[in-house]
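Protein chains in written order, with the working numbering: chain A, 15 to 212; chain B, 7 to 216; chain C, 7 to 216.
Each remark here refers to the structure printed beneath this line.
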Amino acid sequence: PICPNGSISCQVSLGDLFDRAVKLSHYIHSLSSEMFNEFDERYAQGRGFITKAINSCHTSSLTTPEDKEQAQQIHHEDLLNLVMGVLNSWNDPLLHLVSEVQTIKEAPDTILWKAVEIEEQNKRLLEGMEKIVGRLHPGGLGNELYSRWSGLPSLQLPDEDSRLFAFYNLLHCLRRDSHKIDNYLKLLKCRLIHDSNC
Amino acid sequence: GQPPGKPELIKCRSPEKETFSCWWKPVSDGGLPTNYTLFYNNEGEESFYECPDYTTAGPNSCYFDKKHTSLWTIYNITIKATNEMGSNISEPHYVDVTYIVQPNPPVNLSLALNKHTDGKLYLLMNWSSPPLADVRSGWLTLEYELRLKPEEGEEWETIFVGQRTKYKVFSLIPGEKYIAQVRCKSDHGEWSKWSSESYIHLPKEFRLKD
Amino acid sequence: GQPPGKPELIKCRSPEKETFSCWWKPVSDGGLPTNYTLFYNNEGEESFYECPDYTTAGPNSCYFDKKHTSLWTIYNITIKATNEMGSNISEPHYVDVTYIVQPNPPVNLSLALNKHTDGKLYLLMNWSSPPLADVRSGWLTLEYELRLKPEEGEEWETIFVGQRTKYKVFSLIPGEKYIAQVRCKSDHGEWSKWSSESYIHLPKEFRLKD
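What follows is the structure in structure tokens.
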């Protein structure tokens, strides 16, 4: 039974919070990956977008660990702060993605539906992470990281090729950042809940 | 007249881990019109809120839509019954949405007799996930359980099959008429109801091994 | 003699998200000895670097050890073929190690006959993650899939089992000799090859139901 001794210490355990966060981050990345692949197959073939997408994510100013060693050396507080920073930095672009994706010519429902689902689930994951951070660091994490997105005008460009590239780049970055978040959360869960012995 | 009896919250349920509803048992009201209010608060919060929607889930119920449903907190829920003589409050009922997920039953359960390449006959059971859940397969991981018995038989044979949506059954009695059902559950939640029954009449010469 | 044809990069693969290797197809070299050099640069960097290790991953390959492997960044890789008559350069090949993870197969697949508390016999399958994969720290998350068939049978029965490393199988034919294999994939990557085969011969009186 939930809360056997009434409201005393009646809360979702940290382990359960992490389990739910990891299940959500895994789901968000799977959706982001499918959405990117669908868009790439349908709108980007032969346009060489990948060469222009290099080094162009709005979150690249957030220095994140790029291999296992770096990720294991970073303090969990800083890794949590990075995850929060990346998640927060995607709120605004995801909101606009939902409305702008509908303007793409013959955008299939599956892309539209995924954009809506990812925007919703990203907010839900952010709510969960705030709960986890509040549990681990009641005083908060100190300097909040955030990277502003200024890509809306490029999603509304008249020239189709430029506009499609803007979408391609946004979905490429979403796939990348959602994978980072998923990977870091799985690492944090093993470290904080299972003493690095998953 | 009397003040109302103590109300009791019967059950809370979420079909897809996105929304949830709770139902309570009306009290013995001694003939006086009784009014019910549901209050809830989340762990660590002082303030209480009132039920956002008393109608969607039917009489004596409260429906929490997506905006009011959180996976990250435990809800402390109480019901207050009031009539002109006074009021009465239920015991607090604690709810963690992940643990009250009870999907709708699986659908399209089909039974077919198949022959293995090496001649052996077996029963192939096939089914689909419940409509609401199949759209978000990555979000709601469903596991299934089958049960099977001869029509006249008393005892069901129950088989847990994990995330599969088809299953081969070998150990069957030739000439028998079988009833089969399937149900599902999300990782921490409750089993759904059993699906509607499916039937198959095995031919007499249905050998297990030629 | 002729200058070499245009080299072509065939595949890049990371077995555990910590290192990766790339392979290219040797060109038609018109009988002249041809030398290959691999150049790469990382997203946001101007300068190009040469392959750090041409031997570890075998002929016509380049191996990037941990120090030279980063995730979430695009490698721009080209191959240059040179002989005494001249040289030729491949198309650029863009790789993000994040999306080329294909683990080695699981190991130590064992099959054992067990009896359930209710007397039912079942086959317990047990295996371990591939040696190089660091599942313990959470850097790599592996999911598994089993397949099983009677030795003479054509059709494999495939079962996805998520992150578990053991599984109980109930629906089997008594007296049959079974072959089993297991494979794995990183949570968002490519399936490994199937493991080597394991066998078990079920006794005749292996009743599924007493």
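We treat Cβ as the ideally placed atom computed from N, Cα and C, and that holds for glycine.
When you compare only the Cα positions, how much space is there between residue i and residue j?
i: A/N157; j: A/G99; result: 10 Å
i: C/A186; j: C/R153; result: 6 Å
i: C/Y150; j: C/R189; result: 6 Å
i: C/R142; j: A/S46; result: 26 Å
i: B/L214; j: B/L119; result: Reliability fails at B/L214, whose pLDDT of 49 lies under 50, so the model's placement of it is uncertain and the value that follows must be treated cautiously. So the two alpha carbons sit approximately 12 Å from each other.
i: B/Y100; j: B/C28; result: 11 Å
i: C/N114; j: C/Y205; result: 12 Å
i: B/S198; j: B/Q108; result: 5 Å
i: C/W78; j: A/S44; result: 16 Å
i: A/A180; j: A/W127; result: 19 Å
i: B/N41; j: B/N89; result: 6 Å
i: A/H89; j: A/R205; result: 11 Å
i: B/P39; j: B/Y55; result: 24 Å
i: B/H74; j: C/K210; result: 58 Å
i: B/K63; j: B/D71; result: The question names Lys, yet the displayed sequence has Ala at residue 63 of chain B. Going from the Cα of B/A63 to the Cα of B/D71 covers about 11 Å.
i: A/I64; j: C/I165; result: 36 Å
i: A/N105; j: A/E134; result: 10 Å
i: A/G62; j: A/E55; result: 12 Å
i: A/Y41; j: A/G148; result: 23 Å
i: A/E114; j: A/Q170; result: 8 Å
i: A/E144; j: C/M131; result: 40 Å
i: B/H194; j: C/W200; result: 31 Å
Name the DSSP beta bridge partners of residue i, please?
i: B/Y81; result: B/N48 and B/V101
i: A/F53; result: Looking at the DSSP assignment, A/F53 forms no beta bridge with any residue, so it has no partner.
i: B/R153; result: B/T164 and B/Q187
i: C/S198; result: DSSP output for C/S198 lists no bridge partner at all.
i: C/C28; result: C/C18 and C/C68
i: C/E56; result: C/F45
Taking 7 Å as the threshold (beta carbon to beta carbon), is residue i in contact with chain A?
i: B/I16; result: no
i: B/Y100; result: yes
i: C/E196; result: no
i: B/E56; result: no
i: B/G168; result: no
i: B/E49; result: yes
i: C/S20; result: no
i: B/W133; result: no
i: B/L115; result: no
i: C/Q8; result: no
i: C/L77; result: yes
i: C/R229; result: The structure shown does not extend to residue 229 of chain C, since chain C is modelled only from 7 through 216, so no value can be given for it.
i: C/I80; result: yes
i: B/W145; result: yes
Are the beta-carbon atoms belonging to residue i and residue j less than 7 Å from one another?
i: C/S76; j: A/E131; result: no
i: C/P180; j: C/L208; result: yes
i: C/G50; j: A/N19; result: no
i: C/V103; j: C/F45; result: no
i: B/N94; j: B/N47; result: no
i: C/L146; j: C/K23; result: yes
i: C/G144; j: A/K37; result: no
i: A/T73; j: A/S161; result: yes
i: C/L129; j: C/L117; result: yes
i: C/P112; j: C/W133; result: yes
i: B/I106; j: A/C24; result: no
i: A/L159; j: A/N95; result: yes
i: A/M49; j: A/L178; result: no
i: A/L101; j: A/A129; result: no
i: B/P21; j: B/A87; result: no
i: B/S96; j: B/I85; result: yes
i: A/I125; j: A/E174; result: no
i: C/P58; j: C/W30; result: no
i: A/L183; j: A/A67; result: Before going on, a small fix: residue 183 of chain A reads as Asn here, not Leu. In this structure, A/A67 lies closer than 7 Å to A/N183 by Cβ.
Does the beta carbon of residue i sit closer than 7 Å to a beta carbon anywhere in chain C?
i: A/S210; result: yes
i: B/K165; result: Reading off the sequence, residue 165 of chain B comes out as Ile, not Lys. So, interface residue.
i: B/K174; result: yes
i: A/H90; result: no
i: A/I22; result: no
Within 7 Å (strictly less), CB to CB, does residue i reach chain F?
i: B/L44; result: Here the protein chains are A, B and C, and chain F is not one of them.
Is any heavy atom in the ligand NAD found nearer than 6 Å to the beta carbon of residue i?
i: C/E22; result: No copy of the ligand NAD appears in this structure; indeed no ligand is present at all.
Should residue i be flagged as near chain B, meaning a C-beta pair shorter than 7 Å?
i: C/S177; result: yes
i: A/K44; result: Residue 44 of chain A is actually Ser in this sequence, not Lys. Yes, A/S44 lies at the interface with chain B (some Cβ there is under 7 Å from its Cβ).
i: A/K145; result: yes
i: A/C187; result: no
i: A/Q25; result: yes
### Task
Ignoring anything shorter than 4 residues or poking outside the stretch 116-165 of chain A, list the alpha helix (DSSP H) runs there in chain order.
Fully enclosed alpha helix (DSSP H) runs of 4 or longer: 123-150.
### Those runs of the beta strand (DSSP E) which lie wholly inside the stretch 106-143 of chain C and span at least 3 residues
When DSSP assignments are scanned along the stretch 106-143 of chain C, the uninterrupted stretches of beta strand (DSSP E) that are 3 or more residues long and fall wholly within it turn out to be 113-121 and 127-134.
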